[in-house]
Structure formats: C-alpha cells, structure tokens
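Residue 7 is where the sequence shown starts when you use this note's numbering, and the numbers rise one by one after that.
The beta carbon of each residue, even a glycine, is placed where N, CA and C say it ideally should be.
One structure is given below, encoded as structure tokens.
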Amino acid sequence: MESFTRLPSLQHLTLDFGGSEHRFYDEGCKGVGQLVNHFSTTLTNLHLNFSTPYGDISDGGLHILGDVIRKCSNLTHLILNFYKNVKNISDTGVGEITRGLSSLSQLILLHLNFSWCERLTDRSVENIVNGIQQCRSTLTQLSLFLNNLKMGDVGLVSLSRFLPTLTRIQELSILWCVNYKTCLLYTSDAADDLLCVDLGGRRIIKKK
7 MESFTRLPSL
17 QHLTLDFGGS
27 EHRFYDEGCK
37 GVGQLVNHFS
47 TTLTNLHLNF
57 STPYGDISDG
67 GLHILGDVIR
77 KCSNLTHLIL
87 NFYKNVKNIS
97 DTGVGEITRG
107 LSSLSQLILL
117 HLNFSWCERL
127 TDRSVENIVN
137 GIQQCRSTLT
147 QLSLFLNNLK
157 MGDVGLVSLS
167 RFLPTLTRIQ
177 ELSILWCVNY
187 KTCLLYTSDA
197 ADDLLCVDLG
207 GRRIIKKK
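Next comes the structure, spelled out in structure tokens:
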C-alpha cells in the first residue's frame with residue numbers, strides 16, 4: 007500500500023477484501039490503518055469491507071481500525087462490513103469501533119454490518135448507540151445489520167429509544183434476525199416522515 011501514500015490527498019477511499027480467499031488477520035488491519043491514517047485529514051468517504059468467511063480479525067484489529075477512524079474527523083460517509091468475521095470479534099471489539107465513531111460529528115451516512123458475528127450481545131448494540139450520539143442531528147442514512155447476534159430486550163430497548171432522536175434521518179435500514187426465526191423489523195410513527203425504510207429487506211420508499 008506504500009504506492010497509495012504517494013498520492014497528495016484522497017477524499018474517497020474504498021478497500022474491499024470481501025472477495026479474497028486468503029485469511030485476513032489483525033496485521034492486515036494494521037496496514038489498512040496506516041493507509042487510512044495517512045489521509046485522515048482529507049478523507050470524507052471511507053468504505054472498508056472485511057466480509058469474508060476466511061477472516062481472522064480479532065478485537066485487536068478492531069482496536070486499530072477504531073483508533074484510525076477517530077482521527078478522520080472530516081468523515082461524512084462511513085461503511086464498515088465485518089459480515090461473517092465470526093470467530094474472534096466480541097463486544098469489546100465493537101466498543102473499539104464505536105469509540106472511534108464518537109469523534110465523528112459530521113456523519114451523514116453510516117452503515118455497520120456485524121451480521122453472523124455470533125459472540126456479540128446487547129452490549130454491542132449499546133456501544134453502537136452511545137458511539138453515534140453526537141451525530142444525531144447530521145445522519146440522514148443509517149444501516150445496522152445485526153443478524154444472528156445474541157441479543158435480547160436490553161439491546162432492543164436501547165435501540166428503540168435512540169432511533170426516534172435522529173432528527174434528520176431519511177433512510178433507515180435495521181436488520182436483526184436470529185436463526186431466521188426471530189426478527190426485529192423497526193418501525194414507528196416517525197417512519198411516516200422518512201423517505202425510505204428498509205425493514206428486513208423489504209424496502210418501503212415514500213413517494214413525494
């Protein structure tokens with residue numbers, strides 16, 4: 007990735023490791039972190055995809071990523087996918103990511119996908135809610151994919167109390183299914199004011 011650092015500045019950066027059949031370890035996160043850190047003052051759009059069944063990222067890797075995200079204070083669009091990185095990511099790792107999010111006050115779009123990371127619990131939902139408190143008045147698009155997490159009423163209550171406080175939200179996607187049998191499909195009276203609501207893959211688009 008050294009060649010990337012020769013560029014004078016970047017505003018948009020996408021790194022997609024989802025199609026790789028090679029194992030991706032925390033050391034890879036370190037390399038990604040170094041690259042993102044190099045452009046931390048100019049980046050406005052960041053998309054990192056680690057969605058692979060070959061992923062071996064642990065909480066240590068998420069600590070690296072959370073630390074570098076914290077330095078990208080000008081981010082307006084952030085997409086993080088950890089789908090199927092199921093073995094080593096715990097609530098602690100999600101906490102590292104959300105601590106990074108807590109320094110971002112200009113976010114317009116946020117997409118977090120921790121589906122099938124089976125070690126995650128209600129604590130992860132609370133971490134996410136706490137991490138994005140400061141951008142309640144800026145977010146217009148929010149996607150949270152939390153399939154097959156070990157969560158119950160505590161996470162559900164935390165999420166349901168937070169969502170109505172998003173004063174500028176226009177598009178909302180919440181997917182929370184457990185073993186294909188129990189699903190959370192979020193809606194409320196506030197949904198009448200949204201342009202788009204995605205309820206478990208069933209998109210409702212409001213026509214003007």
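- Taking a cut-off of 8 Å on C-beta distances, the region 172-180 touches the region 138-155, as three or more cross pairs fall below it.
- Pairing LEU126 with PHE120 gives a Cβ-Cβ distance under 8 Å.
- At a Cβ-Cβ threshold of 8 Å, LEU150 and LEU118 count as neighbours.
- Beta-bridge analysis with DSSP links LEU115 to HIS83 and GLN147.
- The shortest CA-to-CA distance from PHE23 to any of ASP62, ARG129 and SER109 is the one to ASP62.
- By the Cβ neighbour-count rule, SER15 is exposed, with fewer than 16 other Cβ atoms within 10 Å of its own.
- Here the region 71-90 lies against the region 35-47, with 3 or more beta-carbon pairs under 8 Å apart.
- Residue state for SER179 is assigned as strand, using DSSP reduced to three classes.
- In the structure shown, the three-state DSSP call for PHE168 is helix.
- Per DSSP, the beta bridge partners of ASN55 are ASP22 and ASN87.
- The beta carbon of GLY99 is closer than 6 Å to those of ASP65 and LEU68 in its chain, skipping five residues each way along the sequence.
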